[in-house]
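Undergrad: In my numbering, the protein residues as written are 14 to 374. Sharing a structure with you now.
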Amino acid sequence: MNIRFFCDDPWSVKTTDFPESGTSLEKLTFLLNYAVLAPSVLGTEPWCFYVSDNSLVLRIDPARRLPVTDPEGREMMISCGAALLNLRVAAAFYGQDLHLMAFPEEQRSDVVVKATLGPRKTSAADPKLFESITKRRTSRGGFAVRPMSEDLPHRLTEAARQEGAVLSFLVDTEAQIGMLALAAEARRQQLAILAYRNELSHWVQKRVAEARDHESEAWHRLGKPSGPLAGTTPEPLDRPELATPSAAGFARMLANGADTPEDRATSDNSSVLALLATASDSKEDWLMVGQALQRVLLVAAVEDVSAAYINAPIEKEKFRRQVGRIFHVKGSPQIMLRMGTGTQRPPTPRRPMAEVVKLDS
Ligand SMILES: Cc1cc2nc3c(=O)[nH]c(=O)nc-3n(C[C@H](O)[C@H](O)[C@H](O)COP(=O)(O)O)c2cc1C
């Protein structure tokens, strides 16, 4: 049995290509084009999908873990949750019923979800949310001064709640300044760790090399100076000395305290700070909050609102507790975002579909 891929680069997926009268396997493979357009920590795309007949299994790709940045695999699981939400939204759009089972093998946390395609369902699709899948981009700051619509925060909070997570906003200016100072300090401490810098520079270069290897349209986009590589803080392709980055050069630049989004945010009042939190801190919570994150991002993208990530203070336990206190949230802080309007960017390349979708034999 062979897999029929509808396109190599998932960004070029055509809505009209859905195989309405095709097999369940073809339908699932098609829907996965949308799953992989989800954001992922450092752009690692830490997933692999094993398909057979009418089911698929989402598994962690062990080669794409981040042992220094994300030793527990929390952000990796959040990334998988984001991909899962895209899959659900796409399935609903095409009137497909997906039966999901999270962590179906008790002893194996790398087997994240088993999804089975069922008979057509009648529940309402959300076309706007679906369109947002290809519209959404991670922002790297520099938001437009235009404010977001007044009721958007309420709708984003509701989107997070729908998935089981809590989204809070920091409205008090003093508290925002305090939060960003804490974030900048956490980031500075993180960048002082050689193993962290090495892991970061390794992934920056790996992704550039992967895009180049695939000789995709995406690589041509990526190669343009105006299209900096997303997922890295700061953005290496913005810097001429890193246009052909060397690990040593990139790590040196980070160590020298390059300007980070946290630093930039302190002088920028065009955005708001938001925090996603969960009641507890298990792998199930991480998978759930990943879906909440993606629902929030898709709802925001409908209105041309995007988000930048502020991870450092959540990646270190001592800062993470302070984040919770500043936001007045109970439970576990999971993802902090800076959200604002405007600044559309070119898409960030994805791995080719043939690399992430395999036959389950
Ligand atoms: C859990 C998680 C953590 C992330 N952390 C960062 C980050 O620290 N800095 C950053 O620039 N982007 C971060 N991202 C966004 C990714 O870098 C981005 O999704 C990836 O580069 C692909 O780009 P796109 O989201 O525009 O499609 C994160 C995404 C997720 C899901």
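For glycine and all other residues, C-beta sits at the position ideal for the given N, C-alpha and C.
Can you check whether the CB of residue 142 is closer than 8 angstroms to the CB of residue 312?
TA: If you number the sequence shown from 1, residue 312 lands on position 299. If you number the sequence shown from 1, residue 142 lands on position 129. The answer is yes: Cβ separation under 8 angstroms.
Undergrad: I need the straight-line Cα distance from residue 268 to residue 205, nearest angstrom please.
TA: The residue you call residue 268 lines up with position 255 of the sequence shown. The residue you call residue 205 lines up with position 192 of the sequence shown. Below a pLDDT of 50, predicted positions are generally treated as unreliable, and residue 268, at 45, falls in that range; the measurement from the model is reported next regardless. Those two C-alpha atoms are separated by around 6 angstroms.
Undergrad: Which residues does DSSP pair with residue 72 in a beta bridge?
TA: On the sequence shown, position 59 is the one that residue 72 refers to. Note: residue 72 sits in a beta bridge opposite 61, 124.
Undergrad: Under the rule that 16 or more other beta-carbon atoms within 10 Å means buried, what is residue 357, buried or exposed?
TA: Taking the first residue of the sequence shown as position 1, residue 357 is located at position 344. Residue 357 is exposed by the Cβ-count criterion.
Undergrad: My output table needs one value for residue 347: the three-state DSSP class, helix, strand or coil.
TA: Taking the first residue of the sequence shown as 1, we reach residue 347 at position 334. Residue 347 falls in the strand class under three-state DSSP.
Undergrad: Got a sec? Which residues, its chain only, sit under 8 angstroms from residue 365 by beta carbon, not counting five neighbours each side?
TA: Counting from one through the sequence shown, the residue named residue 365 turns up at place 352. Result list for residue 365: 21, 22, 227, 229, in chain order.
Undergrad: Are at least three pairs of beta-carbons, each pair with one atom in the region 59-75 and one in the region 165-175, less than 8 angstroms apart?
TA: In short, these stretches do not touch, since the Cβ pair count stays below three.
Undergrad: From 367, 69, 350, 91, pick the residue whose C-alpha is nearest to that of residue 151; which is it?
TA: Locating residue 151 in the sequence shown gives position 138, where the first residue counts as 1. The residue with the shortest Cα to Cα distance from residue 151 is 350.
Undergrad: In angstroms with no decimal places, state the Cα-to-Cα distance between residue 348 and residue 196.
TA: As a working mapping, residue 348 is identified with position 335 in the sequence shown. As a working mapping, residue 196 is identified with position 183 in the sequence shown. The straight-line gap from Cα to Cα measures roughly 12 angstroms.
Undergrad: Could you tell me if residue 101 is buried or exposed, where buried requires 16 or more neighbouring beta carbons within 10 angstroms of its beta carbon?
TA: Working through the sequence shown from its first residue, we reach residue 101 at position 88. Classification for residue 101: buried.
Undergrad: Between the beta-carbon of residue 40 and the beta-carbon of residue 32, is there less than 8 angstroms?
TA: What you label residue 40 is simply residue 27 of the sequence shown in a count that begins at 1. What you label residue 32 is simply residue 19 of the sequence shown in a count that begins at 1. It is a contact, given that the beta carbons lie within the stated cut-off.
Undergrad: Under 8 angstroms by Cβ, that's how I've got residue 153 and residue 321 pegged, so tell me the actual separation to the nearest angstrom.
TA: If you number the sequence shown from 1, residue 153 lands on position 140. If you number the sequence shown from 1, residue 321 lands on position 308. 6 angstroms between Cβ atoms; contact.
Undergrad: Could you check the C-alpha separation between residue 91 and residue 300 for me, to the nearest Å?
TA: By 1-based counting over the sequence shown, the position of residue 91 is 78. By 1-based counting over the sequence shown, the position of residue 300 is 287. The straight-line gap from Cα to Cα measures roughly 5 angstroms.
Undergrad: Along the chain, where does the beta strand (DSSP E) that runs through residue 182 open and close?
TA: In the sequence shown, the residue the question calls residue 182 occupies position 169. First-last of the beta strand (DSSP E) with residue 182: 179-183.
Undergrad: Could you tell me the distance, in whole angstroms, from the CA atom of residue 211 to the CA atom of residue 107?
TA: Position 198 of the sequence shown, counting from 1, holds the residue named residue 211. Position 94 of the sequence shown, counting from 1, holds the residue named residue 107. Answer to the nearest angstrom: the Cα atoms are 43 angstroms apart.
Undergrad: Around the Cβ of residue 374, are there at least 16 other Cβ atoms within 10 angstroms (buried) or fewer (exposed)?
TA: Indexing the sequence shown from 1 puts residue 374 at position 361. Exposed, because fewer than 16 other Cβ atoms sit within 10 Å of the Cβ of residue 374.
Undergrad: Are the region 323-336 and the region 179-188 touching, with three or more C-beta to C-beta distances below 8 angstroms?
TA: Not touching, per the Cβ criterion.
Undergrad: On a CA-only basis, which of 360, 326, 371, 293 is nearest residue 345? Give me that one, please.
TA: Taking the first residue of the sequence shown as 1, we reach residue 345 at position 332. Residue 345 has its Cα closest to that of 293, out of 360, 326, 371, 293.
Undergrad: For residue 324, is the beta carbon positioned less than 7 angstroms from some heavy atom of ligand 1?
TA: For the purposes of this step, residue 324 is taken as the residue at position 311 of the sequence shown. Yes, Cβ of residue 324 sits closer than 7 angstroms to a heavy atom of ligand 1.
Undergrad: If you run the structure through DSSP and keep just helix, strand and coil, what is residue 170?
TA: Locating residue 170 in the sequence shown gives position 157, where the first residue counts as 1. In this structure, residue 170 counts as helix in the three-state DSSP scheme.
Undergrad: Which residue or residues does DSSP assign as beta-bridge partners of residue 319?
TA: In the sequence shown, the residue the question calls residue 319 occupies position 306. DSSP output for residue 319 lists 353 as bridge partner(s).
Undergrad: Is the beta carbon of residue 95 sitting closer than 8 angstroms to the one on residue 307?
TA: Locating residue 95 in the sequence shown gives position 82, where the first residue counts as 1. Locating residue 307 in the sequence shown gives position 294, where the first residue counts as 1. Result yes, Cβ atoms of residue 95 and residue 307 sit closer than 8 angstroms.
Undergrad: For residue 315, which residues of its own chain have a beta-carbon under 6 angstroms away from its beta-carbon, when the five flanking residues on both sides are left out?
TA: The sequence position of residue 315 within the sequence shown is 302, counting from 1. Result list for residue 315: 141, 145, in chain order.
Undergrad: Which one of 288, 109, 129 has the shortest CA to CA distance from residue 342?
TA: As a position in the sequence shown, residue 342 is number 329, starting the count at 1. Closest by alpha carbon: 288.
Undergrad: What residues in its chain sit with their C-beta under 8 angstroms from that of residue 329, if we drop five residues either side in the sequence?
TA: Here the question's residue 329 lines up with position 316 in the sequence shown. These residues qualify, in order along the chain: 199, 202, 203.
Undergrad: Less than 6 angstroms between C-beta atoms, sequence neighbours within five positions excluded: which residues of the same chain meet that for residue 128?
TA: Taking the sequence shown and counting its residues from 1, one reaches residue 128 at position 115. If we look at residue 128 and ignore the five residues flanking it on each side, its Cβ neighbours are 69, 111, 113.
Undergrad: Between 88, 61, 303, which has its C-alpha nearest residue 176's C-alpha?
TA: The sequence position of residue 176 within the sequence shown is 163, counting from 1. Nearest option by C-alpha distance: 303.
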